[in-house]
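Chemist: End of the sequence shown = 306 in the working numbering, gap-free, step of one. In this text, a Cβ means the ideal position worked out from N, Cα and C, and glycines have one as well. Sharing a structure here in structure tokens format.
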Amino acid sequence: MFIPNLLSTESGSESIVRARIVIVEDEPDLRDAVAEYLGASGYDVATAESAAAARSLVETQSFHLAILDIAMPGEDGLSLGRWLRSKLPIGIIYATAAGTALDRIVGLELGADDYIVKPYELREVLARVRSVLRRVPQPKELQDNKAGTDRRSVTFGPFQADLDGRLVTGANGAVIDMAKSEFDVLEIFLTRANRLLTRAAISEAIGFTEDTESSRAVDIRIMRLRKKIEADPANPKFLRTVRGEGYIFSLPAGDGN
């Protein structure tokens, strides 16, 4: 929903705001494949297995584009699309089964920006996502940024984290390549700086269940994050381990918003 400056692996462009996409699909393998592919292409991606789950997501966060399966159990994608348009200035791509021309026509009449026919190639999905995001209106957060509206930002050492734009820059304004999962963890620490966080607390903030696998996933994300923000990851200055307790992000006095 912003025109030229989307961060993607192919365009090489950098943006203060990354497009946020929600994928609503009841087939888990397809849903996960599309989410992983678009995430690797530079977008922030959330998923929902049903219209009800998507409605819950939208109550707590905004999106610039939705990819909606039309034929889902319960509420269908067409009905969900109408509801989304009543809530957000959002781009919509409908996914429809081959041969269901009526669904495609109805979807376009309801204001869909595009549609894809299942089964589809992931490269086709990416091409249509980019096309829709070029055509739909520019998002309010980018307009606000251009107008000089204050944004949530945190400075630590040579780094500047734009929490609203989900962007981290280093020395000389160089953009730090950071996966969504890594930024999620960083945001948790920056908004709770100088406080001890247990693995369970971090898992809960991310939305994980509290179990051994989740704890390991948290540790892996922290390890990757350290490699990007610490001069010496083995002896971290910012993201420190408190043995037997958890982690703490040390933010010196004077740093912050």
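Who are residue 211's beta bridge partners in DSSP?
Modeler: 202 and 216
Chemist: Considering just the uninterrupted stretch of the beta strand (DSSP E) at residue 145, what are its terminal residues?
Modeler: 140-146
Chemist: Does the distance from the C-beta atom of residue 241 to that of residue 264 stay below 8 Å?
Modeler: no
Chemist: Around the C-beta of residue 173, are 16 or more other C-beta atoms found within 10 angstroms, so that it is buried, or is it exposed?
Modeler: Residue 173 comes out exposed.
Chemist: Based on the DSSP output, what are the partners of residue 96 in its beta bridges?
Modeler: 72
Chemist: Roughly how many whole angstroms lie between the Cα atoms of residue 325 and residue 244?
Modeler: Residue 325 is absent from the model: the chain starts at 50 and stops at 306.
Chemist: Go through its chain and collect everything with a Cβ distance to residue 110's Cβ below 7 Å, but skip five positions before and after it.
Modeler: none
Chemist: Is it buried or exposed, residue 197, if we count other Cβ atoms within 10 angstroms and call 16 or more buried?
Modeler: Note that residue 197 scores 46 on pLDDT, short of 50, meaning its location in the model is unreliable and no value can be drawn from it.
Chemist: Determine the direct distance from the alpha carbon of residue 108 to that of residue 227, and round the result to whole angstroms.
Modeler: 26 Å
Chemist: Residues in its own chain within less than 8 Å of residue 171 by CB, not counting five upstream and five downstream?
Modeler: 82, 83 and 86
Chemist: DSSP has residue 224 in a bridge; who is on the other side?
Modeler: 218
Chemist: Could you tell me whether the Cβ atoms of residue 140 and residue 118 are closer together than 8 Å?
Modeler: no
Chemist: What is the rounded straight-line gap between the Cα of residue 268 and the Cα of residue 254?
Modeler: 14 Å
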